[in-house]
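Taking numbering that gives the first Met the number 0, I'd label the letters of the sequence shown as residues 0 to 422. Even glycine gets a Cβ: it sits at the ideal position worked out from N, Cα and C. Following: one structure in structure tokens, then a few remarks.
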Amino acid sequence: MSAAVLTVAVAGASAAAQDAPSEPTLLTGGASPELDQMEPVQTSGETVTAASAPDEAVAYLADTIYALGYDAGYAGQVLQPEKRAIDLYWKGELPSDVEELISGDPYGVQVNVDTTAEFTREEAMAAATAAVETSELDDLQITTASVKPDGTGIVVSLTDDAPAGPSAAAREIAAATDVEADAVTVKEDVGDIFVPTVDRRSNDSAPYKGGGRIYVDGRNACSTAFSALDGGAGRLLSAAHCVTAENTNKTVQDGGGTRIAQGDAVKRRKSIDSMSIDPTTSPASKGRIFVSGWNSDSTREVVGWGSNHTGQKVCAGGATTGHHCGNIIDDAVTASGLNGAFYVVARATTGAFQGGADSGGPVYEVLDSGNIRAKGVVYAGTLPSTTACGTHNPDVDPTCHRDLVYVPISVVLSTWGYTLDLG
């Protein structure tokens, strides 16, 4: 597995709003962001069978396995939709309910089981967090640390001018994180880490949907992700870095300049780069997202959400570049200053996955029915994956990337204490 998050470019707002998620605040209202662990099979009116498309069947089974066993020896999964198969890694014996679930190739999916993992997912995530947060390792100039999905350890990336070689660095990291040196893979010459780049789907109206254009203070362009519910009240989700650090009481407008919310109605959780918008209109929001091209008015119903696994197909649809799809290449990566928060990285099948001002947009799975299962919220791209944008909104001049970095939707919902608004 590659260490996918190397150098990232935050894809939202204007140059005046270069506010990467630093100095994280304490989270309230839900589970720790360390695990994408809430019950993932929240799906309305959808049935998965052996006749379902491979992408959907494999993802559904992977989510169910994860929900049953994330705290009982689970190490990771690598999804192979093209083979209708899952490689499942476990530390120790499988729990009986997981073993029963995967027997007989459910939904026509073959599960290949390896129970020799050295680390559970929780243990590997703890080691990755220690690698980027332990002060005695500051001299190594670590940028990111990610979890190997086969449970064999972690991957740590260093800057391009790090003083130590990979072998020496691995020994230091192992000593500080209480793992064996051979469980640490070190990648050199990565470069700097979170470097914000900020640059109109163009004009949504109430009730607001995901994937639409928003402006903060009439100038910082971003996108919306999904509608969520705080009790019964509608909220719009987007990215925290779309608002400048100096003043969080910003007016949020739609693409046509109509005010959506302002002041205390706009809240942030910087530690997971999340923004919650409470529209002044009623009904405020709707459980649908824009799909297809950046200039398309077509929408799809959101029917649930799921967790994220290496190899899984996901799509993203920000208001700058529109709908693109690819596969997850790293399902758990963290960096210094993120307070233990882990991000997901996916790579486009071809071309760009996201561009400037797609930040805050939706990441999702398209089901057989055409409906949408939420997966996350767009955060950034990786700088080494800079590529041509292709067709995009002509009102912006974005930098685009083949690799997409996003926050798992379960982490966003649990942090805010929200539920997803289903269409």
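- Proximity of the stretch 85-100 to the stretch 345-353 falls short of the contact definition, fewer than three beta-carbon pairs being nearer than 8 angstroms.
- Between the stretch 65-72 and the stretch 133-148 there are fewer than three C-beta pairs closer than 8 angstroms, too few to call the two in contact.
- Counting C-beta pairs closer than 8 angstroms gives three or more between the stretch 407-418 and the stretch 368-382, which meets the contact rule.
- Counting the other CB atoms within 10 Å of its CB gives V178 a total of 16 or more, which places it among the buried residues.
- Where Y88 is concerned, the enclosing beta strand (DSSP E) starts and stops at 84-89.
- Judged by pairs of C-beta atoms under 8 angstroms, the stretch 229-241 does not touch the stretch 297-312, as fewer than three such pairs exist.
- By the neighbour-count criterion, in which a residue is buried when 16 or more other Cβ atoms sit within 10 angstroms of its Cβ, D253 is buried.
- Taking a 10 Å sphere around the C-beta of G325, we find 16 or more other C-beta atoms and assign the residue as buried.
- Contact check between the stretch 99-114 and the stretch 123-136: fewer than three CB pairs, one atom from each, fall below 8 angstroms, which does not count as touching.
- Cβ atoms of V183 and V155 come within 8 angstroms of each other, at about 6 angstroms.
- Within the same chain, and ignoring the five residues on either side of T151 in sequence, the residues whose Cβ sits closer than 8 angstroms to its Cβ are A116, E117, F118, A182.
- At the C-beta level, I213 and V251 come within 8 angstroms of one another.
- Counting along the chain, the unbroken beta strand (DSSP E) around D113 starts and ends at 109-113.
- From the listed residues E81, S291, S284, the smallest Cα separation to H323 is found for S291.
- Residue burial is scored here from C-beta neighbours: D396 has fewer than 16 other C-beta atoms within 10 angstroms and is therefore classed as exposed.
- The residue from D420, G72, V365, E171 with its alpha-carbon nearest to that of P53 is V365.
- DSSP places L93 outside both helix and strand once states are collapsed to three, so it counts as coil.
- For L382, there is no enclosing alpha helix (DSSP H), as DSSP gives it neither H nor E.
- With a beta-carbon spacing of about 11 angstroms, A61 and Y106 fall beyond the 8 angstroms limit used to define contacts.
- As the crow flies, the alpha-carbon of R287 is around 14 angstroms from that of A318.
- Taking C-alpha positions only, A387 is separated from T348 by approximately 14 angstroms.
- The DSSP-derived three-state label of T133 is coil.
- For Y73, the pairing in a beta bridge is given by DSSP as W89.
- For S284, the enclosing beta strand (DSSP E) stretches over residues 284-289.
- Taken atom to atom, the span from the alpha-carbon of T133 to that of D104 is near 43 angstroms.
- For A232, the CB contacts under 8 angstroms within the same chain, skipping 5 residues up- and downstream, are D277, A283 in chain order.
- Exclusion of the five residues before and after R299 leaves R287, I288, V290, G369, N370, I371 as the residues of its chain whose Cβ lies within less than 7 angstroms of its Cβ.
- With the rule of 3 Cβ pairs closer than 8 angstroms, the stretch 332-343 counts as touching the stretch 259-274.
- According to the DSSP assignment, I276 belongs to the beta strand (DSSP E) that extends over 273-276.
- Annotation: E171 is outside any beta strand (DSSP E); the continuous alpha helix (DSSP H) that includes it extends over 165-176.
- Closest in alpha carbon position to A379, among V344, T390, Y363, is V344.
- Contact check for G210 and P393: beta-carbon distance about 18 angstroms, past the 8 angstroms limit, so the pair fails to qualify.
- Just measuring C-alpha positions, the residue of E135, S358, T414 sitting nearest T398 is S358.
- Looking at the DSSP output, I141 bridges to L157.
- Taken through DSSP and simplified to helix, strand or coil, Y417 comes out as coil.
- Beyond the five residues adjoining it in sequence on each side, S275 comes within less than 7 angstroms, by CB distance, of R234, L236, K266, W415 in the same chain, given in chain order.
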